[in-house]
Amino acid sequence: MKKDKYHYYTLTALILFWIESIAVINHVNNFRFIFGMLFFVLGKIMYCLRFTNNRDFKLARLLPFLTVSFILIVYGILIEKKVIEEKTLKINF
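Take this note's numbering: the last position of the sequence shown gets the number 100, and nothing is skipped along the way.
Below you can see the structure in the form of structure tokens.
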């Protein structure tokens, strides 16, 4: 029973990474890029859940790192979008 659960996590992670790869192909489109990154994060979470059976692996130790990484990615996307909008405004005027 427990072994099947871990196989489910692995298969789900691989499917999520596959969807992410397809979505990020057109990375110029912001919606697809964010959609792809969401599936990337979900795939990483599935891998974390997959390896929680190891004694040396603690999910609670990864949560601060994952939180900071997520905030930095979202902040970077917002800053990039703002810079692109400012460049567009300068070109138009």
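Backbone N, C-alpha and C fix where the C-beta goes; we use that ideal spot for every residue, glycine too.
Predicted model, so just to flag it, every value in this text is computed and none were measured.
Given residue i, which residues of its chain have a CB within under 7 Å of its CB, disregarding the five upstream and five downstream residues?
| i | result |
| --- | --- |
| F77 | V48 |
Could you check if residue i is buried or exposed, using at least 16 other CB atoms within 10 Å of its CB as the buried criterion?
| i | result |
| --- | --- |
| Y135 | The requested residue 135 does not occur in the structure, where the chain is confined to residues 8 to 100. |
Taking the CB atoms as reference points, tell me whether residue i and residue j lie closer together than 9 Å.
| i | j | result |
| --- | --- | --- |
| M53 | A30 | no |
| I86 | N37 | no |
| G50 | L69 | no |
| I26 | F46 | yes |
Which of the three DSSP states, helix, strand or coil, is assigned to residue i?
| i | result |
| --- | --- |
| V48 | helix |
| N33 | coil |
| K65 | coil |
Excluding five sequence neighbours on each side, which residues of the same chain lie with their C-beta closer than 8 Å to the C-beta of residue i?
| i | result |
| --- | --- |
| S28 | G43 |
| I80 | M44 |
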